[in-house]
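Asker: Numbering-wise (the working numbering), the sequence shown opens with residue 2 and increments by one. Ideal Cβ positions, reconstructed from N, Cα and C, are used throughout, including at glycine.
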Amino acid sequence: MKMAACLALGVAICATLAYAAETQIFDPKTRKWVEYDRKKARTYYAAHKQVPETFRRQIVKFRTAEKPGTIIIDGNQHFLYLVQPGFTAIRYGIGVGREGFGWAGIVKVGRTAEWPTWTPPAEMVARDPNAKKWAGGQPGGPDNPLGARALYLYQGDQDTIYRIHGTPEPWTIGLDVSSGCIRMNNDDITDLHSRINVGAKVVVLMQGASLYKGV
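1) So is A16 buried or exposed if we call it buried at 16+ other beta carbons inside 10 Å?
2) Just to confirm the assignment, what range does the beta strand (DSSP E) spanning H166 have?
3) So is the beta-carbon of L83 under 7 angstroms away from any non-hydrogen atom of the ligand FAD?
4) If you compare alpha carbons, which of N77, I26 and I73 is closest to E54?
5) Of the residues R184, W116, V199 and Q208, which one's Cα is nearest the Cα of G157?
6) According to DSSP, is A22 helix, strand or coil?
7) Assign A201 to one of two classes, buried (16 or more other C-beta atoms within 10 Å of its C-beta) or exposed (fewer than that).
8) Below 8 angstroms between beta carbons: does that hold for L1 and V108?
9) Beta-carbon of A149 versus every beta-carbon of chain C: anything under 8 angstroms?
10) Among H194, H166 and D192, which one has its Cα closest to the Cα of M185?
11) Should H49 go down as buried or exposed, given a rule of 16 or more other Cβ atoms within 10 Å for buried?
12) Determine the direct distance from the alpha carbon of R150 to that of D188, and round the result to whole angstroms.
13) Give the secondary structure of A136 by DSSP, where H, G and I count as helix, E and B as strand, and everything else as coil.
14) Measuring only the C-alpha atoms, how far is R196 from Q208?
15) Could you name each continuous alpha helix (DSSP H) segment of 4 residues or more that falls completely within the stretch 177 to 208, going from the start of the chain to the end?
16) Is F63 near A90, with beta carbons less than 8 angstroms apart?
17) Could you pull the start and end residues of the alpha helix (DSSP H) that V108 belongs to?
18) With a CB to CB cut of under 7 angstroms and the five nearest residues on each side skipped, what residues in its chain are close to A42?
19) So the beta strand (DSSP E) Y155 belongs to, where does it begin and stop?
20) Note down, in chain order, each residue of its chain lying with its Cβ closer than 6 angstroms to the Cβ of V204, except the 5 sequence neighbours on either side.
21) For E36, report the span of its beta strand (DSSP E) as first-last.
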C-alpha cells in the first residue's frame, strides 16, 4: 500500500508514513514535543476552548500529483488535507480509528448531509450497549455523534460505512478514538462540506492499518 500510495501522491506526504508514532504536540513553554493523550486533550480543551494549534485549520504547502479538490488523509499524523491549486492544501486536524479500527484505501465522497441522522452499523449495535438504543437511527442535532455535517465514503456505488463527520466531542481531535470514521470539529467539517463536491477522491493513508478496496 505504501508504495502505491507514494507513487500516486508524490513525495510530500510519504515521509510521514515511514514510521508510526504516538500523537505528539509541541509545548511552547518547554520547547519540546510531548505525548498527547485523552487526558491531556480534555485538559487542554477545557483551558483553551480549542484544540492545540497543530490541529487547527490552516493553509500549508503541499506537493502532490493529486488534483485540487482531492482529500488526502494522513491518519498517523491526524491531518486531513484538501488539495488546493499551487501546491497548497487546507489542513484540518482529525480524530481517527482507535487501535484495531484503522484502515487505508482510496474511496470517494458518495453523498453528503447536513445535521445527519446517525444509524450505527449492526456490528456496533452488537458490541456497544449505548449504540443499541439508536439502532433505528438517532436524529441529527448537537448531541449526534456525526455532528454538523457528514461526507459518506463510497467504493464505487457501495457505501463503505465509513464517514468524514463532525463531532460533539471536539477535544478528541488529534486522537485515535473512533470506530473507523474520520472525525473533525463541527466548524471544520462545515467548512470542508462547503468546499467539497460529491464524487471527490479520498485517499486514506495509515501505517499498519487494514487495507480497504482501491489501494
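Answerer: With the structure as the only source:
1) In the sequence shown, the residue the question calls residue 16 occupies position 15. Any answer about A16 is weak, because its pLDDT of 33 lies below 50 and its placement is not dependable; what the coordinates show is given next. Result: exposed.
2) As a working note, residue 166 is residue 165 in the sequence shown. Unbroken beta strand (DSSP E) run through H166: Q159 to H166.
3) Absence of the ligand FAD is noted for the structure shown, with no ligands found whatsoever.
4) As a position in the sequence shown, residue 54 is number 53, starting the count at 1. Measuring from the Cα of E54, the nearest candidate turns out to be I26.
5) Here residue 157 is taken as the residue at index 156 of the sequence shown, counted from 1. Looking at the Cα atoms, V199 is the closest of the given residues.
6) What you label residue 22 is simply residue 21 of the sequence shown in a count that begins at 1. The predicted position of A22 is uncertain, since its pLDDT is 46 and thus under 50; no value can be drawn from it.
7) Taking the sequence shown and counting its residues from 1, the one referred to as residue 201 is at position 200. Buried.
8) Outside the displayed span of the chain (2 to 216) sits residue 1, for which this structure offers no information.
9) Chain labels in this structure do not include chain C; a single protein chain is all it has.
10) Locating residue 185 in the sequence shown gives position 184, counting from the first residue. With distances taken between Cα atoms, M185 lies closest to H166.
11) The sequence position of residue 49 within the sequence shown is 48, counting from 1. Exposed, by the Cβ-count rule.
12) Taking the first residue of the sequence shown as 1, we reach residue 188 at position 187. Taking the first residue of the sequence shown as 1, we reach residue 150 at position 149. Distance between the alpha carbons of D188 and R150 is about 9 angstroms.
13) By 1-based counting over the sequence shown, the position of residue 136 is 135. Here A136 sits in coil by DSSP.
14) Position 195 of the sequence shown, counted from the first residue, corresponds to residue 196. Position 207 of the sequence shown, counted from the first residue, corresponds to residue 208. R196 and Q208: Cα-Cα distance of roughly 28 angstroms.
15) 187 to 196
16) The residue labelled residue 63 in the question sits at position 62 within the sequence shown. The residue labelled residue 90 in the question sits at position 89 within the sequence shown. Their beta carbons are under 8 angstroms apart, which means F63 touches A90 by this criterion.
17) Along the sequence shown, one-based indexing puts residue 108 at 107. Careful: V108 lies outside any alpha helix (DSSP H), inside the beta strand (DSSP E) at W104 to E115.
18) Working through the sequence shown from its first residue, we reach residue 42 at position 41. Contacts found: W172, T173, G175 and L176.
19) Residue 155 sits at position 154 when you count from the first residue of the sequence shown. Its beta strand (DSSP E) spans residues R150 to Q156.
20) Within the sequence shown, numbered from 1, the residue matching residue 204 stands at position 203. So the list reads I73 and I107, once near-sequence residues are dropped.
21) Indexing the sequence shown from 1 puts residue 36 at position 35. Looking at the DSSP string, the run of the beta strand (DSSP E) that includes E36 is K33 to E36.
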